[in-house]
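Protein chains: 2
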Amino acid sequence: MGKAYNVMAATCPSRTVLHRIGARWTVFVVNALDEGPRRFGELKGHIRGITPKVLTETLRSLEADGLISRHEFDENPPRVEYALTPLGRSLLVPLRAVRLWAEEHVRDIEAARSRQSIL
Amino acid sequence: MGKAYNVMAATCPSRTVLHRIGARWTVFVVNALDEGPRRFGELKGHIRGITPKVLTETLRSLEADGLISRHEFDENPPRVEYALTPLGRSLLVPLRAVRLWAEEHVRDIEAARSRQSIL
DNA sequence: CTGCATCCGATTTGATACTG
DNA sequence: CAGTATCAAATCGGATGCAG
């Protein structure tokens, strides 16, 4: 079975998939769920600087794409847990690599940026 | 040597790096340069649906971060080539994996989305 | 108290047309 | 060919509000 999809084609559905992955906070949320299910507040606390609105939107999108699952407990105070689905966990593999790349190459990027500002 | 940076910290510079990688078209442009240097028009033709404005912005950002190089030939008609730097080529590794993941899991995502719209 | 939804201004993205 | 200018649209981010 050959490769059926090509992200470079404008009409290809893989395009929208890649755009979703490329959304600002997707990488952060998926990586934050690496070690298991987390509550909304935990995610918000862990991913420093994300606003509840954006976190909600990101979670809803990922849920719609079948990448995370949402489990609401009938308790008081309310309690909602988010977890990666098997599909989401498979995405975690490349996204973890992206995250590690970012953490490893910060100095290189910063060096390039400062070189730029000198010019 | 331990890990010095953590993308989850709001003040950590790796945050801005990951946001740059996560920018809408970065994954497409870096992947499009996989097989070697390309001209502006080639990139625009290959990455279907990208506008010249957005392509320019993406290329400038990637250049500022030291991920691609820009070589302007003194010819007529004008000729400009873009290529991955060694740093950019190292980023290509995880981004290629992301691209392949997207192409392989289109059906799963689409299935999840259609399941959503039924509800 | 937690887990959001809503409003609104600021930024980013995109379509189209045009220039050196 | 390789972009820029312009304007419209989508998205982001912060403040606030509110129900369970």
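Going down the list, the protein sequences come from chains A and B.
Letter 71 of the first sequence, counting from 1, is numbered 71 in full-length UniProt numbering, and no numbers are missing.
Letter 109 of the second sequence, counting from 1, is numbered 109 in full-length UniProt numbering, and no numbers are missing.
Note that the Cβ used here is the ideal one computed from N, Cα and C, for glycine as well.
- Short of 8 Å from the beta carbon of residue 25 (chain A), and not among the five residues preceding or following it, lie these beta carbons of its own chain, in chain order: 47, 50, 54, 55, 58.
- Think of a sphere of 9 Å around the beta carbon of residue 32 (chain A): the chain B residues whose beta carbon falls inside it are 8, in chain order.
- Burial state of residue 117 (chain A) is exposed, judged by a 10 Å Cβ sphere holding fewer than 16 other Cβ atoms.
- Annotation for residue 31 (chain B): 92, 95, 96, 99 place their beta carbon closer than 8 Å to its own, counting only its chain and skipping 5 residues before and after.
- Non-local beta-carbon contacts of residue 68 (chain B) in its own chain, meaning distances under 7 Å to residues more than five positions away in sequence, involve 33, 59, 62, 82, 83, 84, 85, 88 in chain order.
- Classified as exposed, residue 75 (chain B) has fewer than 16 neighbouring CB atoms from the shown chains inside 10 Å of its CB.
- Your pair residue 102 (chain B) and residue 43 (chain A) does not check out as a contact, with CB atoms roughly 24 Å apart and the cut at 8 Å.
- Looking at B:28, B:115, B:7, the one whose alpha-carbon comes closest to that of residue 9 (chain A) is B:28.
- Secondary structure note for residue 71 (chain B): its beta strand (DSSP E) is the uninterrupted segment 68 to 73.
- When only Cα atoms are considered, residue 12 (chain B) and residue 5 (chain B) end up about 7 Å apart.
- Boundaries for residue 35 (chain A): no beta strand (DSSP E) harbours it, and the DSSP string shows neither H nor E there.
- Per DSSP, residue 64 (chain B) is one residue of the alpha helix (DSSP H) stretching across 52 to 64.
- One thing to note: residue 66 (chain B) has its Cβ no nearer than 9 Å to the Cβ of residue 21 (chain A).
- Nearest Cα to residue 73 (chain A) within the set A:114, A:104, A:52, A:40: A:40.
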